[in-house]
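A.B. asks: Per the numbering used here, residue 41 is the first one in the sequence shown, and the count goes up by one each step.
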Amino acid sequence: MTTLLWFRRDLRLSDHSALTAACKHGPVVPVFIRDAGLDALGTAPKWRLGLSVAALAETLDAAGSRLILRSGAPAEVLSALARETGATRIHCVRAYHPEEPSLDFELCESFTAQDIVFETFDGRVLFEPDSVETKSGGPYKVFSPYWKSVKSRDIAAPLKVPSEIPTPADWPDTENLDDWALGRGMQRGAEVVLGHTSPGETAAQDRLAAFIDDAVADYHKRRDLPAVDGTSGMSEYLTYGEISPRQCWHAGLRAREEGKRGAEDFLRELGWREFAYHLMVHMPRLLTGNWREKWDGFPWKDDERAAEIKAWKQGRTGIPLVDAGMREMYVTGRMHNRVRMITASYLTKHLLTDWKVGLRWFEDCLTDWDPASNAMGWQWVAGSGPDASPYFRVFNPETQREKFDPDGAYVNRWIAEGQSDPPDTALAYFEAIPKRWNMSPDDPYPEPVVALDEGRQRALDAYSNRSF
Ligand code: FAD
Numbered sequence: 041m042t043t044l045l046w047f048r049r050d051l052r053l054s055d056h057s058a059l060t061a062a063c064k065h066g067p068v069v070p071v072f073i074r075d076a077g078l079d080a081l082g083t084a085p086k087w088r089l090g091l092s093v094a095a096l097a098e099t100l101d102a103a104g105s106r107l108i109l110r111s112g113a114p115a116e117v118l119s120a121l122a123r124e125t126g127a128t129r130i131h132c133v134r135a136y137h138p139e140e141p142s143l144d145f146e147l148c149e150s151f152t153a154q155d156i157v158f159e160t161f162d163g164r165v166l167f168e169p170d171s172v173e174t175k176s177g178g179p180y181k182v183f184s185p186y187w188k189s190v191k192s193r194d195i196a197a198p199l200k201v202p203s204e205i206p207t208p209a210d211w212p213d214t215e216n217l218d219d220w221a222l223g224r225g226m227q228r229g230a231e232v233v234l235g236h237t238s239p240g241e242t243a244a245q246d247r248l249a250a251f252i253d254d255a256v257a258d259y260h261k262r263r264d265l266p267a268v269d270g271t272s273g274m275s276e277y278l279t280y281g282e283i284s285p286r287q288c289w290h291a292g293l294r295a296r297e298e299g300k301r302g303a304e305d306f307l308r309e310l311g312w313r314e315f316a317y318h319l320m321v322h323m324p325r326l327l328t329g330n331w332r333e334k335w336d337g338f339p340w341k342d343d344e345r346a347a348e349i350k351a352w353k354q355g356r357t358g359i360p361l362v363d364a365g366m367r368e369m370y371v372t373g374r375m376h377n378r379v380r381m382i383t384a385s386y387l388t389k390h391l392l393t394d395w396k397v398g399l400r401w402f403e404d405c406l407t408d409w410d411p412a413s414n415a416m417g418w419q420w421v422a423g424s425g426p427d428a429s430p431y432f433r434v435f436n437p438e439t440q441r442e443k444f445d446p447d448g449a450y451v452n453r454w455i456a457e458g459q460s461d462p463p464d465t466a467l468a469y470f471e472a473i474p475k476r477w478n479m480s481p482d483d484p485y486p487e488p489v490v491a492l493d494e495g496r497q498r499a500l501d502a503y504s505n506r507s508f
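This is how it looks when you write it as structure tokens:
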């Protein structure tokens, strides 16, 4: 009774319901597929996924198993592997991107016709999107009532790593991860970003444990300070499933029981991730177009060659907090949440640029890129989303800097120009960016591409006489 265990974005052995169930049936052949969805990923997420696959392969080796790598359409790859191994079952964790549930449904029908069991399991979210609905039926569109309806639900305890992963008598052939060259697009940036990422399940567990031991207690006070390491750092691990949301949730519950004040806020943030999945599943246009259709006629700018948009991407708008955030993302693959909001607000409001331009740039640069959270975040800031910030609320990056980075520690960490002895973090940016950007730490810091009050007024003028 061999089972093919198809790993997708659940690259771990612990709390893996599909793997645990497979081990009970007999030999398990773990497989990871390079499919069209993987090829379509942005530069940084594709590279980071490769690191995660490599880490999983090592963990499986250490457990006496193997990871089989194959390229192609999942239906064909899994069919071929089932023939080669005599597998009678295929297990995977459910996925929620709009194309994936229908793919799973088609796979289930096709394999059932071949007398092969195709079974999907939970593990990617805490609250199955179909299991949450408003009193009058239908999905929630606003976070607070959504959160109220789910936050007290019982969540099963996470599963342990199976004590043994039964192996087949013969292993099928595997492709070589290096041949996939998933990091090709990163060029010289790979080495820089590598210094800021620790892929794999063990690193994820260590980071969660350290956060729960210490920073979670003050999370509510420090989570908005970008210079402080006050947040969990779980997003990247959750993106690739190196840790499960259930493991994070139970760690948060334990911290709350121990009286750590910030734990409640941490649980609530995990709730925002759930809400993003809820919205994506029920309203997939969240990913591609204005959720509020009244925005469809708005004259956003979207010419990616425009000087202002280029300046935003390259961290040289002349607005220090905005540029610091864009550089942090280029060097580390992540950006502090508060600064994500500020950079996004600046692009969509001060520069009146289509949020989809920003969404795509984040999709290319973030190692924690998540389709649901990214789209929800952008539409929230732009004002076009379901539970959005009021469109006329224009963050002032200078007042935000005074409030959240009062001593300039964050800005100085990421912006070299104008500092006599810039830190390595700020210099690393110039090692990571393409040489054709023609930037140097010795350049003078740029003048603002648009004065803040002028940009704000331009946005308010554009909004006037429109009803959103
Ligand atoms: P913590 O503060 O420790 O929070 C714990 C976990 O809660 C996070 O790991 C994450 O899974 C979840 N979470 C926290 N805040 C949010 C939020 N606002 N929305 C959804 N989930 C949240 N998050 C991504 O994971 N991937 C993205 O591609 C992404 N793009 C974003 C784009 C914009 C414009 C904005 C405003 C936010 C975006 N976020 C995204 C949400 C948020 O910025 C990150 O989840 C957070 O910064 C990750 O850091 P952390 O793990 O230390 O978070």
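All residues carry an ideal CB built from backbone N, CA and C; glycine is no exception.
The beta strand (DSSP E) that contains Val71, what's its start and end?
C.D. replies: Val68 to Arg74
A.B. asks: Quick check: Cys148 and Phe161, are their CB atoms within less than 8 Å of each other?
C.D. replies: no
A.B. asks: Hey, how far is the Cα of Phe183 from the Cα of Trp312?
C.D. replies: 7 Å
A.B. asks: Would you check whether the ligand FAD has a heavy atom nearer than 7 Å to the C-beta of Thr279?
C.D. replies: Yes - the ligand FAD has a heavy atom lying nearer than 7 Å to the Cβ of Thr279.
A.B. asks: If you drop the 5 nearest sequence neighbours on each side, which residues of the same chain put their C-beta closer than 6 Å to that of Lys188?
C.D. replies: No residues qualify anywhere along the chain.
A.B. asks: Since Leu45 is in the beta strand (DSSP E), which residue starts that stretch and which ends it?
C.D. replies: Its beta strand (DSSP E) spans residues Thr43 to Phe47.
A.B. asks: For Lys341, does the three-state DSSP call read helix, strand or coil?
C.D. replies: Reduced to three states, the DSSP call for Lys341 is strand.
A.B. asks: So, do the segment 391-411 and the segment 271-289 have three or more beta carbon pairs nearer to each other than 8 Å?
C.D. replies: yes
A.B. asks: Could you check if His376 belongs to the surroundings of the ligand FAD, using beta carbon to heavy atom distance under 7 Å?
C.D. replies: yes
A.B. asks: Can you give the beta carbon distance from Leu500 to Phe435, rounded, assuming they're within the 8 Å contact cut?
C.D. replies: Not a contact, Cβ separation roughly 13 Å.
A.B. asks: Less than 7 Å between the CB of Asp404 and some heavy atom of the ligand FAD, yes or no?
C.D. replies: no
A.B. asks: Leaving aside the five residues before and after Pro488 along the sequence, list all residues of the same chain whose C-beta is less than 7 Å from its C-beta, in chain order.
C.D. replies: Thr357, Gly358 and Ile359
A.B. asks: From Arg441 to Gly329, what distance separates their C-alpha atoms?
C.D. replies: 31 Å
A.B. asks: Have a look at Ile73 and Pro114 and give me their C-alpha separation to the nearest angstrom.
C.D. replies: The straight-line gap separating the alpha-carbon atoms of Ile73 and Pro114 is approximately 7 Å.
A.B. asks: Would you say the segment 138-155 touches the segment 96-110, given that touching needs at least three Cβ pairs under 8 Å?
C.D. replies: no
A.B. asks: Any heavy atom of the ligand FAD inside 7 Å of the beta-carbon of Ala384?
C.D. replies: yes
A.B. asks: What does the Cβ neighbour count give for Leu467, buried or exposed, with the cut at 16 atoms within 10 Å?
C.D. replies: exposed
A.B. asks: Ordered along the chain, which non-local residues of its own chain (more than five positions away) have a Cβ less than 7 Å from that of Pro266?
C.D. replies: His376, Arg378, Val379, Phe444, Asp445 and Tyr450
A.B. asks: Can you tell me the Cβ-Cβ gap for Gly302 and Tyr259, rounded? I've got them flagged as a contact below 8 Å.
C.D. replies: 3 Å
A.B. asks: Ser105: buried (16+ other C-beta within 10 angstroms of its C-beta) or exposed?
C.D. replies: buried
A.B. asks: Using only the alpha-carbon positions, how far apart do Gly423 and Tyr503 sit?
C.D. replies: 11 Å
A.B. asks: Excluding sequence positions up to five away, which residues of its chain have a Cβ less than 7 Å from the Cβ of His137?
C.D. replies: Pro411
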